[in-house]
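Reminder that position 99 of the sequence shown reads as 98 in numbering that gives the first Met the number 0, one-by-one numbering, no gaps.
Positions of the beta carbon are idealized from the N, C-alpha and C atoms, including for glycine.
Small disclaimer: the values here were computed from a predicted structure and weren't measured.
Working notes, structure below.
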Amino acid sequence: MKVAKFGGTSVASAEQIRKVAAIVAEDKERKLIVVSAPGKRSSDDTKVTDLLIKLGETYLTKGEAEEELQAVVSRYDSIATELGLDGEITATIEADLRERLTFDRNRPGSFMDLIKASGEDNNAKLIAAFLQKEGINAVYVNPQDAGLLVSDEPGNAQVLSEAYDNLKRLRDREEVIVFPGFFGYSKEGTLVTFPRGGSDITGSILAAGTKADLYENFTDVDSVFAANPNVVKNPVKIKRMTYREMRELSYAGFSVFHDEALIPAFRNDIPVCVKNTNNPSSTGTMIISEREYFLNPVIGIAADEGFSTIYVRKYLMNREVGFGRKLLQILEDEGLSYEHIPSGIDDTSVILRQEQLTAEIEERIVQRIREELAVDDVYIERDFAMVMIVGEGMHNTVGVSARATQALARANVNIEMINQGSSEVSLVLGIHSEDADRAVQELYQEFFGSADETVQ
Ligand code: ASP
Numbered sequence: 000m001k002v003a004k005f006g007g008t009s010v011a012s013a014e015q016i017r018k019v020a021a022i023v024a025e026d027k028e029r030k031l032i033v034v035s036a037p038g039k040r041s042s043d044d045t046k047v048t049d050l051l052i053k054l055g056e057t058y059l060t061k062g063e064a065e066e067e068l069q070a071v072v073s074r075y076d077s078i079a080t081e082l083g084l085d086g087e088i089t090a091t092i093e094a095d096l097r098e099r100l101t102f103d104r105n106r107p108g109s110f111m112d113l114i115k116a117s118g119e120d121n122n123a124k125l126i127a128a129f130l131q132k133e134g135i136n137a138v139y140v141n142p143q144d145a146g147l148l149v150s151d152e153p154g155n156a157q158v159l160s161e162a163y164d165n166l167k168r169l170r171d172r173e174e175v176i177v178f179p180g181f182f183g184y185s186k187e188g189t190l191v192t193f194p195r196g197g198s199d200i201t202g203s204i205l206a207a208g209t210k211a212d213l214y215e216n217f218t219d220v221d222s223v224f225a226a227n228p229n230v231v232k233n234p235v236k237i238k239r240m241t242y243r244e245m246r247e248l249s250y251a252g253f254s255v256f257h258d259e260a261l262i263p264a265f266r267n268d269i270p271v272c273v274k275n276t277n278n279p280s281s282t283g284t285m286i287i288s289e290r291e292y293f294l295n296p297v298i299g300i301a302a303d304e305g306f307s308t309i310y311v312r313k314y315l316m317n318r319e320v321g322f323g324r325k326l327l328q329i330l331e332d333e334g335l336s337y338e339h340i341p342s343g344i345d346d347t348s349v350i351l352r353q354e355q356l357t358a359e360i361e362e363r364i365v366q367r368i369r370e371e372l373a374v375d376d377v378y379i380e381r382d383f384a385m386v387m388i389v390g391e392g393m394h395n396t397v398g399v400s401a402r403a404t405q406a407l408a409r410a411n412v413n414i415e416m417i418n419q420g421s422s423e424v425s426l427v428l429g430i431h432s433e434d435a436d437r438a439v440q441e442l443y444q445e446f447f448g449s450a451d452e453t454v455q
């Protein structure tokens, strides 16, 4: 059996939901359907999840949000009407939203999760009703009834191991199950959402729990591309890639797939296929444990912006036992997570996402590092981009770094930092943000310039 997840744009309108129904009807193996909330119908549209966030926040501050509530209800109403469903489903959705708004506002995190999750929950009910109307034996299943247990961290749920055993039972159901993505329940019965984009995580957990033969992730692109199509013109399509490659690329800003979502599928060795709802006959991209990599050592190139570096210099740093631990302790005390730590003998840089840093935090950490670690120099620089060259084949290939650095020299891009990931699946180059697009274009030219339409 297959688990098929449909993302926001795949379920954004009646027309899209009809395509979903056709995809489900076409393959009897598609037994477990995971759906997102309605996403954008065009680039200037608003996702239902964003409408819901506005609704929840307005209600929390003003105790009233009728206009925001109507904006959500009318999205579902237009979908339901166009699908020829009776008005009852819209009335049920409106009643459900009003009921959610009565939840304890003194628990704002859980209140917001309950409101946000209604996007997928109500969409799953609506889609199940439509599939039934189309003659498919479909049923909506609630994550609580299915035992999708998660930790109680609002907006950041982690699946609990018991959930997998509970979910196994879904395999025995006769019907096609329509399951809302994006949330589970704590052991105490509180609804908790995954991070944004988390319906991918639900799909992956269900695929792992039911030991599915395939996890299909339907989105609005034909495949994963070797570079961002907004930066590189007509990049090649990736036919097959490994979990590790996808994880590294989604970390560096490939937004096709939620990177955390791969973990449950990966641990259970379930292949993942990224496909296009608007073009389901295209083969898509398969994500698997291993691939042959003789064609090109590199599978993709990505750049992510918004990094700062904390540069620290101290003579004989290499001989000082515990220096790194003390440095990282200061960051831990401020609740900061870091991404890379390239280091030399007398200096080190800690690279972190700059959205975590405020002027006060920066001042406090610089002062503590200077005083507590008695360093010779410490300063913070902003606006770096991390360019990642990813590919399992790099591991066995001589000269990838040389080709990359030469390409950047040609593009007149200064490299501030190089980090060959310990896994050798990726090579990370730290550069100034303003050079990011140019760097990706030149690297693409270097590694894929002569490639035909598909790689690997
Ligand atoms: N609807 C949620 C979001 O916009 C989750 C998802 O679509 O995966 O983040």
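Outcome for residue i when other beta-carbon atoms lying within 10 angstroms are tallied against a minimum of 16
| i | result |
| --- | --- |
| Asp103 | exposed |
| His394 | exposed |
| Arg266 | exposed |
| Val191 | buried |
| Pro107 | exposed |
| Tyr242 | buried |
| Ile350 | buried |
| Leu100 | buried |
| Gln455 | Since pLDDT at Gln455 reaches only 49, below the 50 mark, its modelled position is unreliable, and the value read off the structure follows with that caveat. With 16 or more Cβ atoms within 10 Å of its Cβ, Gln455 is classed as buried. |
| Leu315 | exposed |
| Ala264 | buried |
| Arg381 | exposed |
| Gly283 | buried |
| Gly299 | buried |
| Tyr378 | exposed |
| Asp43 | exposed |
| Thr347 | buried |
| Ser117 | buried |
Contact test: residue i Cβ vs the ligand ASP heavy atom, cutoff 7 Å
| i | result |
| --- | --- |
| Phe253 | no |
| Phe256 | no |
| Phe181 | yes |
| Ala36 | yes |
| Glu161 | no |
| Glu259 | no |
| Ser249 | no |
| Gly197 | yes |
| Gly7 | yes |
| Thr347 | no |
| Glu215 | no |
| Pro118 | Residue identity check: residue 118 is Gly in the sequence provided, not Pro. Correct: Gly118 has its Cβ closer than 7 Å to the ligand ASP. |
| Thr48 | yes |
Anticipated Cβ contact below 8 Å, residue i with residue j, distance rounded
| i | j | result |
| --- | --- | --- |
| Gly7 | Lys53 | Not confirmed; about 16 Å, so no contact. |
| Val255 | Val223 | 5 Å |
| Val397 | Ser425 | No, Val397 and Ser425 are not in contact; Cβ-Cβ is about 17 Å, not under 8 Å. |
| Tyr214 | Ser198 | Actually they do not touch by this definition, with Cβ atoms about 12 Å apart. |
| Lys115 | Leu51 | 5 Å |
| Leu130 | Ala20 | 6 Å |
| Leu248 | Thr209 | About 27 Å separates the two Cβ atoms, so there is no contact after all. |
| Leu261 | Val273 | Rounded, the Cβ-Cβ distance is 11 Å, inconsistent with contact. |
| Phe383 | Ser432 | 6 Å |
| Gly475 | Pro234 | An answer regarding residue 475 cannot be provided, because it is not within the stretch 0 to 455 covered by the chain. |
| Ala302 | Ala251 | 7 Å |
| Asp219 | Thr276 | 7 Å |
Reference residue i, options the options, closest by Cα
| i | options | result |
| --- | --- | --- |
| Val158 | Ile135, Val140, Lys186 | Lys186 |
| Lys30 | Ala211, Ile286, Glu63 | Ala211 |
| Ser73 | Thr60, Ala90, Ser307 | Ala90 |
| Val311 | Asp268, Gly146, Ile368 | Ile368 |
| Leu84 | Glu119, Ile16, Lys39, Arg97 | Ile16 |
| Val412 | Asn418, Leu428, Glu391 | Leu428 |
| Lys27 | Glu173, Glu14, Ala384 | Glu173 |
| Gly62 | Asn105, Asp44, Gly343 | Asn105 |
| Phe446 | His431, Gln405, Gly323 | Gln405 |
| Ser178 | Thr218, Glu152, Asp120, Ser150 | What sits at residue 178 in the sequence shown is Phe, not Ser. Here the closest residue by C-alpha is Asp120. |
| Asn216 | Val230, Asn227, Ala226, Ile200 | Ile200 |
| Ser35 | Arg239, Phe182, Glu361 | Phe182 |
| Gln353 | Asn278, Met385, Gln419 | Met385 |
| Lys402 | Glu65, Asp434, Ala438, Asp375 | The question names Lys, but residue 402 in the sequence shown is Arg. Among Glu65, Asp434, Ala438, Asp375, the Cα nearest to that of Arg402 belongs to Ala438. |
| Arg97 | Leu82, Val71, Asn122, Ile78 | Val71 |
| Ser77 | Gly196, Arg168, Asn122 | Asn122 |
| Glu152 | Arg170, Asp171, Ser109, Leu205 | Ser109 |
| Arg363 | Gln69, Gln440, Ser280, Asp332 | Asp332 |
| Asn278 | Met387, Ile22, Lys4, Ala410 | Ile22 |
| Ala128 | Val149, Leu147, Ala79, Leu407 | Ala79 |
| Arg318 | Asp345, Leu327, Thr308 | Asp345 |
| Ile340 | Pro228, Glu361, Val231, Gly323 | Gly323 |
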